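Per UniProt numbering, the sequence shown starts with residue 1, numbered consecutively.
Read through the structure below, which is laid out as structure tokens, and then see the notes.
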Amino acid sequence: MSSDQPDAEFAPVPADSDEAPHPAPAAAPPVLDDDPSTVETIVHVLRHGEVHNPNGILYGRLPGFSLSVAGRSQAGAVARSLADHDIAMVIASPLQRAQETAAPIAAAHDLIVRTDENLIEAGNTFEGLRVSVGDGALRKPRHWWKLRDPFTPSWGEPYLQIAHRMLAAVNKARVEAAGHEVVLVSHQLPVWTLRRFLQGQRLWHDPRNRQCSLASLTSLVYQGDTLVDIVYSEPAGASDPSVHGA
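Okay, here's the thing in structure tokens:
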């Protein structure tokens, strides 16, 4: 059986969390506007598919974690949903699960998968450990100090740093693919942090409330250099809520 382990769901959540309900996913990813008077560009930021992780560890940036059978099916579903889109580039995190998710999308458009380090998973001091409730690393007092600051956070890469590098990847791709669409394949926490940053929301959050299912698209619609819309869609269907992943 394949399973994914959440990247930060073990983190304490401040009591004054103000998470609001998310809008329902769009029926399909947005497409380019046909109006020639505006240069519209869409950057589709894709979370990778389900990962084969039978031991349930937080794999983070560790090598060797490939997509599960379900994950490959999810990647194929996204590729089919984007088959008629004007995809000019497919760019992925260097990690195997992101590269494998990107491959069928690139193949459908006769493109090669390019790599951008700025799309990589967030750094995490619990990498390689089990962090599930009851039988994970958090049972050991020596790890508790790592949870002292949920706002930065103290257990991993700062949220603001994640947002800045993700935005750098988006802006670079947007400029290169101006007037077309581009797909960037990344990971749950980086994608969600980017979205919150662009929406002007605080970056610390309750991980249980992320709207970023496996193989979901967060599509950024630009007119020129101006972000005019953010559209969330799940072309591969919603994730099983019991299955998480980075």
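Glycine residues also receive a C-beta, built at the ideal position from the N, C-alpha and C atoms.
This one's a predicted model, so the numbers in the text were calculated from it and none came from an experiment.
Of the residues I87, G49, A122, the one placed nearest Q161, counting alpha carbons only:
Position 161 of the sequence shown, counted from the start, is the residue given in the question as residue 161. Per the Cα distances, A122.
Among all the DSSP beta bridges, which residues are the ones paired with H52?
On the sequence shown, position 52 is the one that residue 52 refers to. H52 is not bridged to any residue.
Residue from L167, H22, L214 whose Cα sits closest to the Cα of Q74:
On the sequence shown, residue 74 is found 74 positions in, with the first residue counted as 1. Nearest C-alpha to Q74: L214.
Between the region 39 to 56 and the region 177 to 188, are three or more C-beta pairs nearer than 8 Å?
Verdict: yes, contact present.
Coil, strand or helix - G156 by DSSP:
As a working note, residue 156 is residue 156 in the sequence shown. Strand at G156.
Along the chain, where does the beta strand (DSSP E) containing T41 start, and where does it finish?
Stepping through the sequence shown from its first residue, residue 41 is reached at position 41. Looking at the DSSP string, the run of the beta strand (DSSP E) that includes T41 is 40 to 47.
Looking only at its own chain, which residues have a Cβ that is under 7 Å from the Cβ of A173, when we skip the five neighbours before and after it?
As a working mapping, residue 173 is identified with position 173 in the sequence shown. Around A173: V43, M89, I91, V182, L184.
Contact check, R72 vs L95 under 8 Å by CB: the rounded distance?
Position 72 of the sequence shown, counted from the start, is the residue given in the question as residue 72. Position 95 of the sequence shown, counted from the start, is the residue given in the question as residue 95. Contact doesn't hold; Cβ gap of about 16 Å is too wide.
Are the beta-carbon atoms belonging to I87 and H109 less than 9 Å from one another?
Mapped onto the sequence shown, residue 87 falls at position 87. Mapped onto the sequence shown, residue 109 falls at position 109. Cβ distance < 9 Å, so I87 and H109 count as in contact.
One or two residues paired with S186 in a DSSP bridge
As a working note, residue 186 is residue 186 in the sequence shown. DSSP, once it has assigned bridges, lists R47 as partnering S186.
Would you identify the three-state DSSP class for V31, choosing helix, strand or coil?
For the purposes of this step, residue 31 is identified with residue 31 of the sequence shown, where counting begins at 1. Reduced to three states, the DSSP call for V31 is coil.
Using C-beta distances below 7 Å, list every residue in its chain close to residue 331, excluding the 5 sequence neighbours before and after it, in chain order.
Since the displayed the chain opens at 1 and closes at 246, residue 331 lies outside it and no answer follows.
Range covered by the beta strand (DSSP E) that runs through R114:
In the sequence shown, counting from the first residue as 1, residue 114 sits at position 114. In this chain, the beta strand (DSSP E) harbouring R114 covers 113 to 115.
What separation, rounded to the nearest whole angstrom, lies between the Cα atoms of A27 and C212?
Here the question's residue 27 lines up with position 27 in the sequence shown. Here the question's residue 212 lines up with position 212 in the sequence shown. Distance between the alpha carbons of A27 and C212: 15 Å.
So does I57 have its beta carbon nearer than 8 Å to some heavy atom of the ligand HEM?
With respect to the ligand HEM, the structure shown offers nothing to examine, as it has no ligands at all.
Could you tell me how far apart the beta carbons of F65 and R97 are, in whole angstroms, since I believe they sit closer than 8 Å?
Along the sequence shown, read from residue 1 onward, the residue named residue 65 stands at position 65. Along the sequence shown, read from residue 1 onward, the residue named residue 97 stands at position 97. At roughly 6 Å, the Cβ-Cβ gap stays under 8 Å, so F65 and R97 are in contact.
Nonlocal neighbours in the same chain, by C-beta distance under 6 Å from M166, ignoring five residues either side:
The residue you call residue 166 lines up with position 166 of the sequence shown. The residues are P190, L194.
Who are E181's beta bridge partners in DSSP?
Here the question's residue 181 lines up with position 181 in the sequence shown. DSSP lists I42, I87 as partners of E181.
Residues in its own chain within less than 8 Å of E157 by CB, not counting five upstream and five downstream?
The residue you call residue 157 lines up with position 157 of the sequence shown. A122, G123, N124.
What first and last residue would you give for the alpha helix (DSSP H) that runs through Q223?
Here residue 223 refers to the residue found at position 223 when the sequence shown is read from its first residue. Run containing Q223: none in the alpha helix (DSSP H); it sits in the beta strand (DSSP E), 217 to 223.
Where S93 sits in the DSSP three-state scheme
Translated into the one-based positions of the sequence shown, residue 93 becomes position 93. Reduced to three states, the DSSP call for S93 is coil.
Under the three-state DSSP convention, the category I162 falls into:
On the sequence shown, position 162 is the one that residue 162 refers to. DSSP places I162 in helix when its eight states are reduced to three.
To which residues of the same chain is E117 closer than 7 Å at the C-beta, ignoring the five residues directly before and after it?
Reading the sequence shown from its first residue, position 117 is the one you call residue 117. Same-chain partners within the cutoff: P94.
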